[in-house]
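Novice:
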Amino acid sequence: MVTDNFDKLVFAGCSHTSGSEILNGTKLANISGDIEVEKKYAFGAVLSKKLKKNYVNIAAPGVGNQYITRAVLLWLLNNPDQHKNVFIVVHWTGEHRIDFSYSGEDLTPRDFFNYNHHYNGLYDDDIITVHGTRGLPFQRYPREAKYVLKYLINAQILGSKERTWQLIDKLSAIIHLQELLKSLKINYLFFNAYDSLLDTKRFEIFTKHLDTSKFIEPYNPSMAFYERCIEAGFTDVSELMHHKLDAHKWYANFLWQNYFV
Numbered sequence: 002m003v004t005d006n007f008d009k010l011v012f013a014g015c016s017h018t019s020g021s022e023i024l025n026g027t028k029l030a031n032i033s034g035d036i037e038v039e040k041k042y043a044f045g046a047v048l049s050k051k052l053k054k055n056y057v058n059i060a061a062p063g064v065g066n067q068y069i070t071r072a073v074l075l076w077l078l079n080n081p082d083q084h085k086n087v088f089i090v091v092h093w094t095g096e097h098r099i100d101f102s103y104s105g106e107d108l109t110p111r112d113f114f115n116y117n118h119h120y121n122g123l124y125d126d127d128i129i130t131v132h133g134t135r136g137l138p139f140q141r142y143p144r145e146a147k148y149v150l151k152y153l154i155n156a157q158i159l160g161s162k163e164r165t166w167q168l169i170d171k172l173s174a175i176i177h178l179q180e181l182l183k184s185l186k187i188n189y190l191f192f193n194a195y196d197s198l199l200d201t202k203r204f205e206i207f208t209k210h211l212d213t214s215k216f217i218e219p220y221n222p223s224m225a226f227y228e229r230c231i232e233a234g235f236t237d238v239s240e241l242m243h244h245k246l247d248a249h250k251w252y253a254n255f256l257w258q259n260y261f262v
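When you read off a place in the sequence shown, starting at 1, and then add 1, the result is the number in our numbering.
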């Protein structure tokens with residue numbers, strides 16, 4: 002159980018943590034898609050209210066684990082006076098999300114995710130994993146990105162059946178943040194947003210360094226946010242596999258009863 006020696010909860014993660022599409026099917030559906038508004042209804046907001054703590058949500062849709070780590074590091078860097086009274090809650094995303102750079106002043110990140118089912122048949126399912134959400138249609142990428150993605154595929158960083166590079170990337174991000182938070186004596190808990198880590202001997206040089214007293218069941222996919230809510234009966238998810246408001250409320254109560262009481 003978490004000791005009550007903090008006054009602020011900071012949540013980091015991907016779209017599941019930021020509350021993407023949480024307002025679909027509600028009276029506020031007309032503002033669904035406004036990230037900052039959605040965060041006000043996500044499970045982190047509900048849990049913070051239950052605990053009567055200040056609430057900060059630095060999660061962002063579509064991001065990978067390296068981004069999540071950087072987001073927490075940046076928050077800590079910008080708020081050095083709050084290290085002693087903060088509790089960090091991270092929900093790690095799938096390992097198949099990776100960072101890559103692009104150039105061009107006329108481009109924005111949104112240009113990388115403009116859906117198109119019939120873009121010359123150039124990209125297959127492996128390319129979809131670049132930004133990582135399962136089940137999305139084929140996507141069009143700007144010219145500057147095409148060569149980067151082609152290189153990644155040729156180098157077998159993506160599309161690997163063993164997911165080797167993707168898992169190294171994820172484990173490195175987790176261990177990096179874990180060790181920094183410990184060194185700063187900052188309270189934290191880690192969860193999976195969906196899916197889980199692979200518990201195999203192959204990755205033992207990394208996994209043996211995970212503090213599983215602070216990372217809640219990292220190898221159990223049924224304990225991840227998405228799957229946990231599904232098993233609890235919240236099967237009415239969006240096309241992009243996001244849970245709705247009722248599931249977020251239930252999950253906040255689940256966290257409260259199991260880890261914060």
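Here a beta-carbon is modelled for each residue, glycine too, at the ideal position from N, C-alpha and C.
Keeping to the same chain, check which residues put their C-beta closer than 6 Å to that of LYS171; ignore five residues upstream and five downstream.
Specialist: Here residue 171 corresponds to residue number 170 of the sequence shown, with the count starting at 1. For LYS171, where only same-chain residues beyond five positions count, the Cβ hits under 6 Å are ASN66 and GLU96.
Novice: Bridge partners for HIS92 per DSSP, in chain order?
Specialist: Residue numbering aside, residue 92 sits at position 91 when the sequence shown is read from its first letter. PHE192.
Novice: Compute the Euclidean distance between the alpha carbons of VAL47 and HIS244, then round it to the nearest angstrom.
Specialist: Taking the sequence shown and counting its residues from 1, one reaches residue 47 at position 46. Taking the sequence shown and counting its residues from 1, one reaches residue 244 at position 243. Each residue's Cα considered, the two are about 15 Å apart.
Novice: Which of the three DSSP states, helix, strand or coil, is assigned to ASN58?
Specialist: Here residue 58 is taken as the residue at index 57 of the sequence shown, counted from 1. Reduced to three states, the DSSP call for ASN58 is strand.
Novice: At which residues does the beta strand (DSSP E) containing LEU13 begin and terminate?
Specialist: Here the question's residue 13 lines up with position 12 in the sequence shown. Sequence check: residue 13 is Ala here, not Leu. Here the beta strand (DSSP E) through ALA13 covers 9 to 13.
Novice: With LYS250 as the anchor, note down where its alpha helix (DSSP H) starts and where it stops.
Specialist: As a position in the sequence shown, residue 250 is number 249, starting the count at 1. Per DSSP, LYS250 belongs to the alpha helix (DSSP H) from 246 to 256.
Novice: Can you give me the C-alpha to C-alpha distance between GLY45 and PHE12, rounded to a whole angstrom?
Specialist: In the sequence shown, counting from the first residue as 1, residue 45 sits at position 44. In the sequence shown, counting from the first residue as 1, residue 12 sits at position 11. Rounded to whole angstroms, GLY45 to PHE12 spans 6 Å at the Cα level.
Novice: Among the residues of its own chain, which have a CB less than 7 Å from the CB of TRP251, if the five just before and after it don't count?
Specialist: The residue given as residue 251 occupies position 250 in the sequence shown. If we look at TRP251 and ignore the five residues flanking it on each side, its Cβ neighbours are CYS230, ALA233 and PHE235.
Novice: Over the uninterrupted alpha helix (DSSP H) stretch that includes ALA225, give me the two end residues.
Specialist: For the purposes of this step, residue 225 is taken as the residue at position 224 of the sequence shown. No alpha helix (DSSP H) holds ALA225; DSSP gives it neither H nor E.
Novice: Just the Cα atoms here: how many angstroms apart are ALA72 and GLN83?
Specialist: Stepping through the sequence shown from its first residue, residue 72 is reached at position 71. Stepping through the sequence shown from its first residue, residue 83 is reached at position 82. A direct Cα-Cα distance of roughly 16 Å separates ALA72 from GLN83.
Novice: How many whole angstroms separate the CB atoms of HIS17 and TYR260, which I take to be in contact at a CB cut-off of 8 Å?
Specialist: As a first step, residue 17 must be located in the sequence shown, where it is residue number 16. As a first step, residue 260 must be located in the sequence shown, where it is residue number 259. Between TYR260 and HIS17 the Cβ distance is about 17 Å, and since that is not below 8 Å, they are no contact.
Novice: Using only the alpha-carbon positions, how far apart do THR208 and PHE216 sit?
Specialist: Here residue 208 refers to the residue found at position 207 of the sequence shown. Here residue 216 refers to the residue found at position 215 of the sequence shown. For THR208 and PHE216, the distance between alpha carbons rounds to 11 Å.
Novice: Just checking my contact of GLY20 with ALA43 at CB under 8 Å: how many whole Å lie between their CB atoms?
Specialist: Numbered from 1 along the sequence shown, position 19 holds the residue referred to as residue 20. Numbered from 1 along the sequence shown, position 42 holds the residue referred to as residue 43. Correct: roughly 3 Å between the Cβ atoms.
Novice: Three-state secondary structure (DSSP) at PHE216?
Specialist: Mapped onto the sequence shown, residue 216 falls at position 215. If DSSP states are grouped into helix, strand and coil, PHE216 belongs with the strands.
Novice: Please confirm whether ILE176 and HIS210 have their CB atoms less than 8 Å apart.
Specialist: Sequence index remark: in the sequence shown, residue 176 carries index 175 (1-based). Sequence index remark: in the sequence shown, residue 210 carries index 209 (1-based). Going by C-beta atoms, ILE176 is nearer than 8 Å to HIS210.
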